[in-house]
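Residue numbers (the numbering used here), protein chains in the order written: chain A, 27 to 233; chain B, 27 to 233.
Positions of the beta carbon are idealized from the N, C-alpha and C atoms, including for glycine.
Given the structure is predicted, the values throughout are model-derived calculations rather than measurements.
I have placed the structure first, in the form of structure tokens, so that the comments after it can refer back to it.
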DNA sequence: CGCCCAACCGGGGTAAAGTCCACTTCCAGC
DNA sequence: GCTGGAAGTGGACTTTACCCCGGTTGGGCG
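Structural data, given as structure tokens:
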């Protein structure tokens, strides 16, 4: 008990990411984005990415854990901008409007976002382990607004989860991103999804 | 132009599945089910299944196309029973009750079903190509009932799609099937999902 | 009953995800 | 600066989904 604890831990975190590691991550993300738009997401391979980035395959896996992790990382950068708009942009998407209006606006924005990034969003899905609900800003946001508009119904949290599923499920799970003629125009489908999202939200909030 | 067409095609289909092929399919499904409950779905391998069934790997792929196809086939058999109950069972799940009540009952039954078959349902998901919406009896059924209860809102079809996503998404996409202690009890979550499904449906149908 | 050919079978081959571990590099504390 | 050890790196290795194609067989038809 005579020894002193080495107290001075700079942050609560175990450790910061090392400088070279951060540099490699940034570079990998760069190269990955480039490869996605050049070859399509399904042609992006771990070996390919490693080679083109001039790094070892082990490095790629250490940074992203899994193939889906790469696309998740790419999507995350876009998501940051999106979150920015939601949290501190102008109403009704940002704060300052009634909860119901914000929910409707959020749905519209979210659908636009997903439609624009369908490929990444789907590729970032990892069969095997589910989407971590805990750190989903979407769920958090919907839960909050719903708690404001319908405190009773929002209590258990599952309603918010179902609403998020209603919002994201059609694009992540069901809809084809098909290019073949005769397929429904994605723009039109997006429009319809926005309209029925509004019906859904206004109904639930006693519109 | 003198030759006569060989008209007598017994069915509109190109051809029936050959007898030995059908036998092999049945056998494979049998062995697969056995392996799933013995080893868990993620330990079921194409080679393993082939070997244990005493067949070639090529045969397995020819029959099921893809790894996910196996689980899809397994799930399909259960799904048949489920559909049976929905289409011709006693009300309110079967016909004979008002549309809203049938929707609520359908949600409850569907959630029970998915909770019971979570592993298969998730394993049958194929990253790469989305769930085919066209031949989804669930969507068809919800669309029908919704058209009965809210013809105006159901018109575009997207609302039904979103409701199905609200029903299946939480289990297929978001919820952990985790066994670790401290995790939410799946039974309790199921109960909550059923309750908020009811809120959702009754709201949309002007409850 | 035997012919014929499309459907079917088998299993070796390929590609890509993910694991492992010996080696290298960063950086906090002296 | 120097140094100890934690963090990071590379690439061979393993595993597995999925492709391919030469050989086999079921079953409609003459």
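CB-CB under 8 Å to residue i, same chain, minus the five flanking residues each way: which ones, in chain order?
i                     : result
residue 34 of chain A : Unreliable placement is indicated for residue 34 of chain A, whose pLDDT of 44 sits below 50; the coordinate value is still reported in the next sentence. There are no such residues.
residue 68 of chain B : 149
If the cut is a Cβ gap below 7 Å, which residues of chain A does residue i touch?
i                      : result
residue 229 of chain B : 229, 230
residue 140 of chain B : Near residue 140 of chain B there are no residues of chain A at all, since even the closest Cβ is about 12 Å away, more than 7 Å.
residue 199 of chain B : 156, 157, 191, 195, 198, 199
Alpha helix (DSSP H) containing residue i: first to last residue?
i                      : result
residue 152 of chain B : Counting along the chain, residue 152 of chain B falls outside any alpha helix (DSSP H), and DSSP gives it neither H nor E.
residue 52 of chain A  : 45–65
residue 110 of chain A : 93–114
residue 181 of chain A : Taken as a continuous stretch (DSSP letters only), residue 181 of chain A belongs to no alpha helix (DSSP H), as it is neither H nor E.
residue 69 of chain A  : Where residue 69 of chain A is concerned, there is no enclosing alpha helix (DSSP H), given that its DSSP letter is neither H nor E.
residue 142 of chain B : 125–142
residue 224 of chain A : 212–230
residue 169 of chain B : 163–175
residue 84 of chain B  : 83–90
For residue i, return the contacting residues in chain B, with the cut-off set at a CB-CB distance below 8 Å.
i                      : result
residue 102 of chain A : Result: empty, since nearest Cβ-Cβ is about 18 Å, beyond 8 Å.
residue 188 of chain A : 192, 193, 195, 196, 219, 222, 223, 226
residue 184 of chain A : 196, 215, 218, 219, 221, 222
How close, in whole Å, do the beta carbons of residue i and residue j come, if the pair is a contact with beta carbons under 8 Å?
i                      : j                      : result
residue 175 of chain B : residue 125 of chain B : 4 Å
residue 144 of chain B : residue 197 of chain B : 6 Å
residue 187 of chain A : residue 165 of chain A : 6 Å
residue 53 of chain B  : residue 112 of chain B : Not quite, the Cβ-Cβ distance comes to about 29 Å (not below 8 Å), so this is no contact.
residue 122 of chain A : residue 114 of chain A : Actually they are not in contact, since the Cβ atoms of residue 122 of chain A and residue 114 of chain A sit about 10 Å apart, beyond 8 Å.
residue 229 of chain A : residue 229 of chain B : 4 Å
If you check the beta carbons only, do residue i and residue j fall under 9 Å apart?
i                      : j                      : result
residue 140 of chain B : residue 147 of chain B : yes
residue 137 of chain A : residue 222 of chain B : no
residue 82 of chain A  : residue 61 of chain A  : no
residue 242 of chain B : residue 150 of chain B : For residue 242 of chain B there is no data in the structure shown, the boundaries of chain B being 27 and 233.
residue 50 of chain A  : residue 92 of chain A  : no
residue 133 of chain B : residue 199 of chain B : no
residue 100 of chain A : residue 47 of chain A  : no
residue 96 of chain A  : residue 72 of chain A  : yes
residue 225 of chain A : residue 76 of chain B  : no
residue 243 of chain B : residue 154 of chain A : Outside the shown range of chain B (27 to 233) lies residue 243 of chain B, about which nothing can therefore be said.
Who are the near neighbours of residue i in its chain, counting only those whose CB is closer than 6 Å to its CB and skipping five residues on each side?
i                      : result
residue 128 of chain B : 118, 171
residue 231 of chain B : 126, 175, 176
residue 190 of chain A : 164, 165, 168
residue 108 of chain A : 139
residue 44 of chain B  : none
Could you list which residues in chain B have their beta carbon closer than 7 Å to that of residue i, in chain order?
i                      : result
residue 202 of chain A : 156
residue 153 of chain A : 151, 153
Residues of chain A with CB closer than 8 Å to the CB of residue i, please, in chain order.
i                      : result
residue 179 of chain B : 222, 225
residue 144 of chain B : Per Cβ cutoff of 8 Å: no residues; residue 144 of chain B is ~10 Å from chain A at best.
Take residue i and list the residues in its own chain whose beta-carbon comes closer than 7 Å to its own, dropping the five residues that flank it on each side.
i                      : result
residue 152 of chain A : 92, 94
residue 183 of chain B : 169
residue 104 of chain A : 143
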